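Read top to bottom, the protein sequences are chains D and F.
Just so you know, we're using this note's numbering here: the first sequence kicks off at 1 and counts up by one.
Just so you know, we're using this note's numbering here: the second sequence kicks off at 1001 and counts up by one.
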Amino acid sequence: MKKLLFVILLLAAALVFAASVDAQVIVIANPGVKATEVTKNDLRDVFTGAATALPGGGSVVPVLLKAGTVHEEFLLVYIGKNDTAYRAGWRSLVFSGQASMPKSLDTDAAVVDFVAHNTGAIGYIGKATPHEGVKVLAVK
Amino acid sequence: MKRLLLGAMALALGASPAMAQSLEDLNIQIHGYATQGFLYTTQNNIFTTSSSSGSPAWSEAVVNLTSQPTPKLRIGVQARYFLLGNFGNTITLDWAAADYKANDKFGVRFGKVKIPSGLLNEIQDIDPSYMWSLLPQSIYPISSRNSMLAEYGGVVYGTFKLGEKLGKLEYRGWGGEVAIGPNDGYFLPFKEEGIVLPNGLNLVDSGAALHWKTPVSGLMLGLSFDATTKSSASLIDTYVVPAGPEQGVTITTPGTLVSTPVRETSLFGRYEKNRVMFAGEYTRIPTSAMLNGLSPYPERIDRRAWYGMASYKVSDKLTAGVYCSQLVDHQAALGPARYSKDWAISGRYDFNQFLYAKAEEHFIDGTVIGYDMDMNLPTAQLPTGLEPNTKLTILKIGVSF
């Protein structure tokens, strides 16, 4: 019985942890971006080059993290791809002359700084990263 | 026309720095990739290589430079070195274009631009962007792909939302001039008859495509239509007298190739969700050509081609897939030269963001695609020089940045 309770608690903890994984990444935008919330589909369109504007939010420019757990989590949760597949999609656009690769930055702090100082910029960072000077977009 | 457009592109690229903007402001990017392939066939020699002995004669290297001086304007150029057997071995201009995107509903690109027909035409030469070593040859033949890849002209494009319940509609419309070089694989059948087109062939081309991103997440359905006008080009027929008192004498006869209008319709779809991808395409190309000035040599083709493909992402680094590709020329005589049926099993492994390797096995039935006479000489036992079936093994390694 104790073992069963232990397993249930372990599963519950795992579920809580899994649920909290989504919350470890936040989407940030330049304060000039009108939108206050975005849908997953809108976010996917912007970050895959399919759209350059948010509904009611004007033009936006995505900025990426080069690597790391926050980057991988963002791609998995909001784009539905891993890094390899995601970059392959961008290479299709870049090498066929349809788009330029989004800017990739090394750290969360660099993303915050870029988003804060560039009109229309939209990016993602770890929740714990200080993010003064940018607005957080709720993802529906 | 070509020189004018290229000159305008060069001017635009050169003029941008003169605007006293820093490189950072111009958002200049340089990207590239290189691939090396190895081909082995159990029977015939394919793609003008000596593949039945194993051939590494398949190399590509691409460099592109883009600048985005303003959020709505991009300017770029891409050059390519391509070698496949006796094809290529030269550096060509892939595209060089200025792109102005007013908003998501309307953009325009002009210069030398990729033709966005079918499901994969725009990316058919971009090896890092897909898992296959060789795209389905029934619709994307590698030996003559340059003839359909790009044109000197323009493309308009955009996306309209159809509402939450109907998804989105992407449109593309294009027009311009396609320049097929004298050494393009498109002319291989003529070349083998001793007929060359010293200046190649220029075709006026136009078309449109619609991609419907349906409300079913990951499902896209599309159609495209491409038309070329009637065109002609000068040709030279060279004939060496094989026997008799004038044996070895070379006779050259000038003439004209007249190509009738080509109207190509494609229907396609793709479903991509999580780890799986399914895609398919059907296209029909009916056309004919006449060689004037020589003995009558009308050529008619009515090619109907399709493929269906599926892939599965086994892990973050490994993807595996299979496709079936078929082409039948309804104007050709009965026999293996009338069709091609190709089953392919493929795998791709990405070592990291930059380096990948591919392996692919093809089971090919029919000889209408990919073979030339010079590398498959007729024998007494094999008058056509070609066995009806062959297996093709491809190994490829690529790097991109």
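Glycine included, each C-beta is placed from N, C-alpha and C at the ideal position.
These numbers were taken from a predicted model, which means no experiment stands behind them.
Between the Cα of residue i and those of the options, spot the shortest distance and give me the residue it belongs to.
| i | options | result |
| --- | --- | --- |
| F/I1142 | F/N1103, F/Y1186 and F/Q1078 | F/Y1186 |
| F/F1268 | F/K1358, F/L1221 and F/C1324 | F/L1221 |
| D/H94 | F/F1082, F/P1198, F/N1045 and F/D1127 | Rather than His, the amino acid found at residue 94 of chain D in this sequence is Val. The residue with the shortest Cα to Cα distance from D/V94 is F/D1127. |
| F/L1318 | F/K1161, F/T1070 and F/Y1356 | F/Y1356 |
| F/E1177 | F/S1206, F/E1170 and F/D1184 | F/S1206 |
| F/R1284 | F/K1313, F/Q1381 and F/V1328 | F/V1328 |
| F/G1118 | F/N1352, F/I1364, F/Y1312 and F/E1281 | F/E1281 |
| D/G91 | F/I1397, F/Y1033, F/G1248 and F/H1330 | Contrary to the premise, residue 91 of chain D reads as Arg rather than Gly in this sequence. Measuring from the Cα of D/R91, the nearest candidate turns out to be F/Y1033. |
| D/I28 | D/P62, D/S100 and D/A85 | D/P62 |
| D/G58 | F/A1097, F/D1104 and F/Q1247 | F/D1104 |
| D/P55 | F/V1062, F/G1163 and F/T1390 | F/G1163 |
| D/V33 | D/K140, D/P130, D/Q24 and D/G123 | D/G123 |
| F/L1197 | F/P1254, F/V1204 and F/P1242 | F/P1254 |
| F/T1159 | D/A116, D/E37, D/V38 and D/D45 | D/D45 |
| F/T1035 | F/R1080, F/N1044, F/I1046 and F/T1070 | F/R1080 |
| F/W1058 | F/P1069, F/L1083 and F/S1052 | F/L1083 |
| F/R1348 | D/G133, D/I26 and D/A85 | D/A85 |
| F/E1361 | F/Q1029, F/V1368 and F/K1391 | F/K1391 |
| F/W1212 | F/G1248, F/I1195, F/F1190 and F/K1161 | F/K1161 |
| F/T1367 | F/G1153, F/T1393 and F/A1332 | F/A1332 |
| F/D1365 | F/P1336, F/E1151 and F/N1352 | F/P1336 |
| F/Q1353 | D/T69, D/A50, D/V77 and D/A88 | D/A88 |
| F/Y1152 | F/A1179, F/A1243, F/N1089 and F/Q1137 | F/A1179 |
Closer than 6 Å by C-beta to residue i: which residues in its own chain qualify, once you throw out the five before and the five after it? Chain order, please.
| i | result |
| --- | --- |
| F/L1395 | F1038 and A1359 |
| F/V1240 | T1250 |
| D/S104 | L64 and K66 |
| F/V1156 | V1108 and G1173 |
| F/G1218 | Y1271, E1272 and K1273 |
| F/T1229 | V1204 and P1261 |
| D/D42 | L54 |
| D/V115 | I28, N30, A121, G123 and V134 |
| F/T1438 | Lying before the first or after the last residue shown, residue 1438 of chain F is absent from chain F, which here runs from 1001 to 1401. |
Could you check where the alpha helix (DSSP H) with residue i kicks off and where it finishes?
| i | result |
| --- | --- |
| D/V144 | The structure shown has nothing for residue 144 of chain D, since chain D only spans 1 to 140. |
| D/W90 | D83 to F95 |
| D/K40 | K40 to F47 |
| F/V1368 | Run containing F/V1368: none; DSSP gives neither H nor E here. |
| D/F114 | D108 to H117 |
Looking only at its chain, what residues have a beta carbon closer than 7 Å to the beta carbon of residue i, apart from the 5 residues adjacent to it on each side?
| i | result |
| --- | --- |
| D/D106 | K66 |
| F/A1102 | K1072 |
| F/D1372 | T1048, L1188 and E1192 |
| F/P1383 | none |
| D/H131 | I28, V112 and I125 |
| D/L11 | Only weak support is given to the placement of D/L11: the predicted model assigns it a pLDDT of 48, under 50, and the value that follows is read from those uncertain coordinates. Within the same chain, D/L11 has no close Cβ partners at all. |
| D/V21 | At D/V21 the pLDDT is 45, less than 50, meaning the model places this residue with poor confidence and gives no usable figure here. |
In the DSSP assignment, find the beta strand (DSSP E) that holds residue i and state where it starts and stops.
| i | result |
| --- | --- |
| D/P62 | V61 to L65 |
| F/A1186 | Sequence check: residue 1186 of chain F is Tyr here, not Ala. Unbroken run through F/Y1186: none, as it is neither H nor E. |
| F/A1227 | L1219 to T1228 |
| D/V134 | Counting along the chain, D/V134 falls outside any beta strand (DSSP E), and DSSP gives it neither H nor E. |
| D/A146 | Any property of residue 146 of chain D remains undetermined from this structure, which presents chain D solely from 1 to 140. |
| F/F1354 | From DSSP, F/F1354 is part of no beta strand (DSSP E); its letter is neither H nor E. |
| F/V1108 | F1106 to K1114 |
| F/F1268 | V1262 to K1273 |
| F/P1388 | Here F/P1388 belongs to no beta strand (DSSP E), and DSSP marks it neither H nor E. |
| F/T1041 | Q1029 to T1041 |
| F/A1046 | For the record, residue 1046 of chain F in the displayed sequence is Ile; it is not Ala. First-last for F/I1046: undefined, no H or E at that position. |
| F/Y1130 | First-last for F/Y1130: undefined, no H or E at that position. |
| D/A121 | A121 to G126 |
| F/V1258 | T1250 to S1259 |
| D/K103 | K103 to L105 |
| F/V1240 | S1231 to V1240 |
Looking only at its chain, what residues have a beta carbon closer than 8 Å to the beta carbon of residue i, apart from the 5 residues adjacent to it on each side?
| i | result |
| --- | --- |
| F/N1199 | P1182, A1233 and S1234 |
| F/L1149 | D1094, K1114, I1115, N1121, Q1124 and D1125 |
| F/G1014 | Confidence in F/G1014 is poor, its pLDDT being 45 and thus under 50, which makes the residue's placement unreliable; the coordinate value appears in the next sentence. Here the set comprises nothing. |
| D/K127 | A23, Q24, V25 and I26 |
Tell me, please, whether the CB atom of residue i is closer than 8 Å to any CB atom in chain B?
| i | result |
| --- | --- |
| D/D83 | Included in the structure are the protein chains D and F, with no chain B among them. |
* **Whole runs of the alpha helix (DSSP H) within the stretch 1134-1215 of chain F, excluding any shorter than 4 residues** => 1146-1149 and 1188-1191
* For the stretch 1283-1352 of chain F, list the beta strand (DSSP E) runs that are entirely contained and at least 3 residues long, ordered along the chain. => 1299-1313, 1318-1329 and 1339-1350
* To do: Return the chain-ordered ranges of every beta strand (DSSP E) run that is complete within the stretch 1057-1088 of chain F and spans a minimum of 3 residues.
  => 1073-1084
* Inter-stretch contact (C-beta, 8 Å, three-pair minimum) for the stretch 1323-1341 of chain F and the stretch 1296-1313 of chain F -> yes
* To do: Kindly confirm or deny that the stretch 1131-1141 of chain F and the stretch 1160-1179 of chain F touch, where touching means at least three C-beta pairs closer than 8 Å.
  => no
* Asked: Are the stretch 1385-1401 of chain F and the stretch 1068-1087 of chain F touching by the rule of at least three beta carbon pairs closer than 8 Å?
  -> no
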